[in-house]
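Take the sequence shown: its letters are residues 7 to 126, numbered as in this note's numbering.
For every residue, glycine included, the Cβ atom is placed at its ideal position computed from N, Cα and C.
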Amino acid sequence: MIQLLPVTEQVMLERLNRIYQQNAQFAYVCVEKREIKASCLYNIKGDVVEIVNVSSVEPDIFDGLVRAVFASAMDLGLEHAVFDEKIDHEMLVQLHFVQDDGFSVNSLTKIIHNCKNCKA
Numbered sequence: 007m008i009q010l011l012p013v014t015e016q017v018m019l020e021r022l023n024r025i026y027q028q029n030a031q032f033a034y035v036c037v038e039k040r041e042i043k044a045s046c047l048y049n050i051k052g053d054v055v056e057i058v059n060v061s062s063v064e065p066d067i068f069d070g071l072v073r074a075v076f077a078s079a080m081d082l083g084l085e086h087a088v089f090d091e092k093i094d095h096e097m098l099v100q101l102h103f104v105q106d107d108g109f110s111v112n113s114l115t116k117i118i119h120n121c122k123n124c125k126a
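Printed below as a string of structure tokens:
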């Protein structure tokens, strides 16, 4: 069983930042059998969540990590997000996070409530 968990320990956040050469304020991790399988590093800048790294190449895990960050941002009253341009744009488009030519999300609510994998 996998779990998507927020990183709450500063030491772990610093370790992830070193591994992915980032300086992120926050992170979520995908854990399976007590081992970190993937992560999503992000910052909050004003009223925007900035996703700077997603380490998974598996679409379902990538999707879950990003949605976990979006849900957390929405809990803080945020509605907009931007992805670092180094993040796999093809994956972002495939998962319907962004349009063909962009890296920004104007409605986290719309993304969260219109999950392509959740439709019957």
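| query | When the Cα atoms are used, what is the spatial distance from Ala126 to Phe103? | reply | For Ala126, the predicted model reports a pLDDT of 43, less than 50, meaning its position is unreliable; a value from the coordinates is still stated below. So the alpha carbons of these two residues sit roughly 20 Å apart.
| Quick one, which of Glu38, Ala87, Ile57, Met80 has its alpha-carbon nearest Cys46's? | Ile57
| Taking Cβ to Cβ, would you say Ala77 is nearer than 8 Å to Ala87? | no
| task | Report buried or exposed for Asn59, applying the criterion of at least 16 other Cβ atoms within 10 angstroms of its Cβ. | result | buried
| Which residues DSSP lists as bridging Asn49, in chain order | Glu56
| said: Between which residues of its own chain and Gln28 is the CB-CB distance below 7 Å, once the five residues before and five after are set aside? | reply: Leu47, Val58, Asn59
| request: To the nearest angstrom, report how far apart Thr115 and Val35 are at their CA atoms. | output: 22 Å
| field | Range covered by the beta strand (DSSP E) that runs through Glu38 | value | 32-38
| field | Gln27 - DSSP class collapsed to helix/strand/coil | value | coil
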